[in-house]
Structures are given as structure tokens and as C-alpha cells.
Amino acid sequence: MIKVCDLTTNQVVTINEKDFNSTKYSKNLDDCAPIKVCELSSSTVITIATHQFDSTKHSKNLDDCVKIQVCRLDDKQIVTIKKSEFDSKKYSQNLDNCREIKVCRLTDKQVVTIVKSQFDSKKYSMNLDDCKETPKPVMIDVCRLSDKKIVSIDEKDFTTSKYSKTLDDCKEVPQPPKELPHTGVVDGIASVVGLGSLVAAGGYYLASRRALR
1445 MIKVCDLTTN
1455 QVVTINEKDF
1465 NSTKYSKNLD
1475 DCAPIKVCEL
1485 SSSTVITIAT
1495 HQFDSTKHSK
1505 NLDDCVKIQV
1515 CRLDDKQIVT
1525 IKKSEFDSKK
1535 YSQNLDNCRE
1545 IKVCRLTDKQ
1555 VVTIVKSQFD
1565 SKKYSMNLDD
1575 CKETPKPVMI
1585 DVCRLSDKKI
1595 VSIDEKDFTT
1605 SKYSKTLDDC
1615 KEVPQPPKEL
1625 PHTGVVDGIA
1635 SVVGLGSLVA
1645 AGGYYLASRR
1655 ALR
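Listed below in C-alpha cells is the structure:
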């Protein structure tokens, strides 16, 4: 009696040595040992008997059944490969190496496209507005109403409650001359002058009457 591997059932059995047939049995008991392999057609891990292994159908490297997403470095594309095919010279497991983003390059204030994994906050900003130029102020001359002075201000600071765009609003308005107040002395002088005129006029009148006689 001998122990053999029954190739049809994948079981270790005991038979009469005279019944041994190499097409049905194997004297190598390991041929009945179960092994896990990757079935290449389905990318599935299965269990088979050792004697059933076929390198065209199976792989003893179970990573051949494990698929992973990687960044293909030559064209920056995210692809799916067998884990066993991974080569760090061709692929990167950091998918950000394939993701391009637009950023503001701080050194020259230019919007550029970089690979996300290259982002460095000391060199770039995610806020593209950081690349926009600050507009220069537009200066205008106005009349400052508080003190009637013509000043230059940024147009965005203009408000009608403080300024006027009509510069003439800062010109001084001429004041009428003030009339001197009347005093008693002046009135007296005027009265004397007026009385003198009347006396003189009366004298001329009398003289002319006498001449006619």
C-alpha cells in the first residue's frame, strides 16, 4: 500500500502499489497541496491544487490580481495597472503628480499651471487674485467744503458731503463795502454847510434886486 495524490480529486489516498497509474496518481503528495494563485483571465485570486498550476493561466504572484491607480509620469495620466507592474521610474502612486492646477506664481505675479504635488506656498498662491495688479489711484482736484481749499484726492474717496467737483465753490464771495455809521459831529457839519449855502444864496438874491433898481 502506498499513499499517492489522486489527480482527479486532488486528495491524498492510499492504493495498492500495483494499481498505480501515473495518469491518475502522483507519488508526489505536494501535487495535491492547495495553493492560491492569480487567475490571469479574471484577475481573481483562486485556490488550486499544485499539479493544476499552468503559467499561461495562473500567476503565483497574487499582486498580479491587485490593480492600483497610479500616475503615469511620461504623459501625466492617471491609469490602472497591476500592482506587480509598478515601476517607480514610470509611475507614481501619488495621484497629485498627475493633477494640474492653476496658481499665482508669487515671484512675477503670473498665473501658471503646475502639478499639484509641486505646490509650495512660499512660491505659489492658490488665490489667482494675488496675481492681479493693484489699480493705480485716479487723482482728481476738488473743492474741500470744510475749509474751501482745492485739494487732490483719490476719486474713490469722493463724497458730495465733503467735496465738490465744482472748483468755483472754493472761490471767495466778495463782500459789499460796509457803510460808516453817522455821528452827531458829522450831522452838525452837514447842517452848518447847508445853512451857509442858504445864506449865500439869499445874499446873491438881494444883490441882484438892488442892481435892477
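Just so we're aligned, residue 1445 is where the sequence shown starts under our numbering, counting upward by one.
Backbone N, C-alpha and C define an ideal beta-carbon position, used for all residues, glycine too.
It should be emphasised that the depicted structure is a prediction, and the values quoted were computed from it without experimental measurement.
The stretch 1515-1522 makes no contact with the stretch 1482-1495; the number of CB pairs closer than 8 angstroms stays below 3. Counting C-beta atoms within 10 angstroms of its own C-beta, V1595 has fewer than 16 neighbours from the protein chains shown and is therefore classed as exposed.
Using a C-beta cut-off of 8 angstroms, the stretch 1547-1567 makes no contact with the stretch 1582-1590, since fewer than three inter-stretch Cβ pairs fall below that distance.
A Cβ-Cβ contact shorter than 8 angstroms links Y1535 with I1525.
Pairing N1505 with S1486 gives a Cβ-Cβ distance that is not under 8 angstroms. Judged by DSSP secondary structure, E1483 falls within the beta strand (DSSP E) whose first and last residues are 1478-1483. The C-alpha of A1477 lies about 27 angstroms from the C-alpha of K1511.
For the stretch 1550-1627, the continuous beta strand (DSSP E) assignments of 3+ residues that do not extend past its boundaries occur at 1554-1559, 1583-1588, 1593-1598, in sequence order. Cβ neighbours of S1608 within its own chain (closer than 7 angstroms, five residues either side excluded): V1586, C1587, L1589. N1541 sits buried, since 16 or more C-beta atoms from the chains shown fall within 10 Å of its C-beta.
Within a 10 Å sphere around the beta-carbon of S1565 sit fewer than 16 other beta-carbons, which makes this residue exposed.
Scanning the stretch 1484-1558 from its first residue to its last, the whole beta strand (DSSP E) runs of 3-plus residues come out as 1488-1493, 1511-1516, 1521-1526, 1544-1549. Our two residues, D1598 and S1569, have alpha carbons roughly 30 angstroms apart in a direct line.
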